[in-house]
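Under UniProt numbering, the residue at position 238 of the sequence shown is numbered 238, and the numbers go up by one with no gaps. Quick reminder that beta carbons are idealized off the backbone N, C-alpha and C, glycines included. Working notes, beginning with the structure itself.
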Amino acid sequence: MRVVIVGGGLSALRSAENLRKRGFEGEIVVVADEEHLPYNRPPLSKEFLWGDATQDELSFGVPAEDPGIEWKVGHSVIFSNLEEKTLTLRNGETLTYDGLVAATGVSSRRLSIPGPQEGRIVLRSLNDAISLKEKLKPGARLVCLGAGFIGCEVARTAQRVGCDVDIVAIDPVPMVVPLGKDVGAEVQRRHEAAGVRFHMGQSIAEMLGHDRIEAVKLDDGTELPADFVLETVGSVPNTEWLAGNALDLKNGVLTDAYLRCGGRSGVVAVGDVARFANPMFAADPLRIEHWQTAIDTTVFATATLMSDLGLTDEEPKPVSIMPWFWSDQGNVRMTSYGMLGLADSTEVVEGEITGECAVSYLRDGEQVGILLIGTEIKQRGARFKRQLAKTRRGLTAV
1 MRVVIVGGGL SALRSAENLR KRGFEGEIVV VADEEHLPYN RPPLSKEFLW GDATQDELSF
61 GVPAEDPGIE WKVGHSVIFS NLEEKTLTLR NGETLTYDGL VAATGVSSRR LSIPGPQEGR
121 IVLRSLNDAI SLKEKLKPGA RLVCLGAGFI GCEVARTAQR VGCDVDIVAI DPVPMVVPLG
181 KDVGAEVQRR HEAAGVRFHM GQSIAEMLGH DRIEAVKLDD GTELPADFVL ETVGSVPNTE
241 WLAGNALDLK NGVLTDAYLR CGGRSGVVAV GDVARFANPM FAADPLRIEH WQTAIDTTVF
301 ATATLMSDLG LTDEEPKPVS IMPWFWSDQG NVRMTSYGML GLADSTEVVE GEITGECAVS
361 YLRDGEQVGI LLIGTEIKQR GARFKRQLAK TRRGLTAV
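Next up, the structure:
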């Protein structure tokens, strides 16, 4: 019996490990388009760039002692036939499977902007980070397009190594969707105090230069000098290989309550690419691009797969998880539990917004998340997490 895992990130690795923990003794094949074995992605925008983490230290390590796991790195699945249970690789190879795990994650969204293209970069993979690290030199001029978590993390990292940094974003404040206007404005204030320049409510209308980018022109005509432009304007789920199988691929792959793709037996999705309902918080299916979610979904999905393959008498459980994430942006340390993006209001419940604090996120007066800002209050994160979990158990998903 063979299970194929498509994708080579954290969720792919944990899927393989959890299958073994659940007693799967068959063949596991992991097909990954990157040439690297699974590695830790969060440090790519921080420690790796400033030199506190090496490439070897990023590696998770794989169960190399398991001869039943084959790692096909540097290969892409370009087509799938879920009826015939076959996968076609870019090199023409065909793989058959009994069980399938979709763990392909996301790619960086790119915008169509006129002008020279040399100097436009993204940050999603280790190779991207290696390229970016080479460019982060004292005096280098960086423009970050997008003011989300990655953009702000890289901006502060670049500043730390001596770069001149501007952030351009169409939003009113940084990270407005997950954090809201009040918290986003406070984060902007702290970054500006450290020397990062913000150009909010703007986008890049044109890249300026001859053979490569030398400056950017904003919508209002402002020109900013730039040696390179980092685009952090969201992500696109990697689902092309699943097209043609009557699946809902509008925003990732829609799953049922057990993480089956389209309710199809023996085919599950995990991590960033999966769109699922999370009854602890959200009744409507959503994708959750959090490091911890990449791990948690594999626990449910592998249980479902083992049941579908007839390898256990244990009934799978519907997915229900507590999303959480952290973000280190210079001296701004944030830890979050729950789903902040569902909120329609916020309330500081401990400390002051200008210092270390805890911010409760509410929807229709009911708590849907908690954000901790600071290093000391972060130490009490487990308590806030337990309180939120206790609160949500007695509430209906929004």
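I'd like to check one pair, residue j with residue i: are the Cβ atoms closer than 7 Å?
i           : j      : result
Val176      : Gly184 : yes
Val31       : Val62  : no
Leu145      : Val229 : yes
residue 403 : Asp308 : It is not possible to answer for residue 403, since the shown part of the chain is limited to 1 through 398.
Ala303      : Pro316 : yes
Val332      : Arg189 : no
residue 400 : Leu10  : Any answer about residue 400 is impossible in this case: the structure gives the chain only from 1 up to 398.
Ala16       : Ile78  : no
Gly341      : Pro178 : yes
Glu34       : Gly8   : yes
Val368      : Phe281 : yes
residue 401 : Arg287 : Residue numbering for the chain in the displayed model covers 1 to 398; residue 401 lies beyond these limits and cannot be assessed.
Please look up how many angstroms separate the CB atoms of residue i and residue j, rounded, as I've assumed it's under 8 Å.
i      : j      : result
Leu388 : Ile373 : No, Leu388 and Ile373 are not in contact; Cβ-Cβ is about 16 Å, not under 8 Å.
Leu37  : Val73  : 6 Å
Val4   : Leu305 : Their Cβ separation, rounded to whole angstroms, is 11 Å, which puts Val4 and Leu305 out of contact at 8 Å.
Leu58  : Leu126 : 7 Å
Arg90  : Ser76  : 5 Å
Identify which residue in the options has its Cα closest to the Cα of residue i.
i           : options                           : result
residue 399 : Gly162, Val143 and Gln159         : With the chain represented from 1 up to 398, any question about residue 399 goes unanswered, as that position is not in the structure.
Trp324      : Val168, Glu350, Thr297 and Trp291 : Trp291
Thr86       : Gly244, Ile288 and Leu249         : Gly244
Gly209      : Gly252, Pro237, Leu249 and Pro116 : Pro116
Gly148      : Ile130, Leu132 and Ile170         : Ile170
Trp326      : Ile377, Ser345 and Leu342         : Ile377
Pro114      : Ala246, Asp256, Arg90 and Arg212  : Arg212
Tyr258      : Asp296, Gln55 and Thr222          : Asp296
Asp344      : Glu366, Gly330 and Leu82          : Glu366
Met339      : Thr94, Ala16 and Pro279           : Pro279
Val106      : Thr391, Phe281 and Leu249         : Leu249
Met322      : Gln329, Arg386, Asp284 and Ala246 : Arg386
Phe300      : Leu362, Thr255 and Glu240         : Thr255
residue 423 : Lys390, Val368, Tyr361 and Glu314 : Here the chain comprises residues numbered 1 to 398, so residue 423 is not present and cannot be evaluated.
Ser336      : Glu350, Ala205, Ser360 and Met207 : Ser360
Arg393      : Asp56, Asn81 and Ser320           : Ser320
Ser235      : Leu111, Gly351, Cys261 and Met207 : Leu111
Ile28       : Met207, Asp66 and Gly92           : Asp66
Lys133      : Leu242, Ala194, Glu93 and Gln55   : Gln55
Ser80       : Leu247, Ala283 and Gly351         : Leu247
Glu223      : Asp328, Met207 and Arg363         : Met207
Leu362      : Thr346, Lys390 and Leu95          : Thr346
Leaving out five residues on either side along the sequence, give the residues of the same chain with a beta carbon under 6 Å from the beta carbon of residue i.
i      : result
Gly162 : Pro138
Lys135 : Phe228
Val165 : Leu142, Ala155, Ala158, Gln159 and Val196
Glu289 : Asp272
Trp71  : Val30
Ala53  : Pro43 and Glu47
Tyr97  : Arg2, Val4 and Lys85
Pro225 : Arg141 and Ala215
Glu186 : Ile353
With a CB to CB cut of under 8 Å and the five nearest residues on each side skipped, what residues in its chain are close to residue i?
i      : result
Lys181 : Pro172 and Val173
Glu192 : Phe198
Arg380 : Leu372
Excluding five sequence neighbours on each side, which residues of the same chain lie with their C-beta closer than 7 Å to the C-beta of residue i?
i      : result
Thr298 : Ser11, Arg14, Ser15, Asn18 and Val270
Gly201 : Ile170 and Pro172
Glu118 : Asp211, Arg212 and Ile213
Taking 6 Å as the cut-off, does the CB of residue i come closer than this to any heavy atom belonging to the ligand GTP?
i      : result
Leu371 : Absent from the structure shown: the ligand GTP. Ligands present: none.
* Asked: Quick check: the segment 262-282 against the segment 93-113, are there 3 or more CB pairs under 8 Å?
  -> yes
* Asked: Touch check for the segment 151-169 and the segment 42-54: three-plus C-beta pairs under 8 Å?
  -> yes
* Using 8 Å as the Cβ pair cut-off and three pairs as the minimum, do the segment 112-129 and the segment 231-246 touch? -> yes
* Would you check if the segment 353-364 and the segment 211-219 touch, i.e. whether three or more CB-CB distances between them fall below 8 Å? => In short, these stretches do not touch, since the Cβ pair count stays below three.
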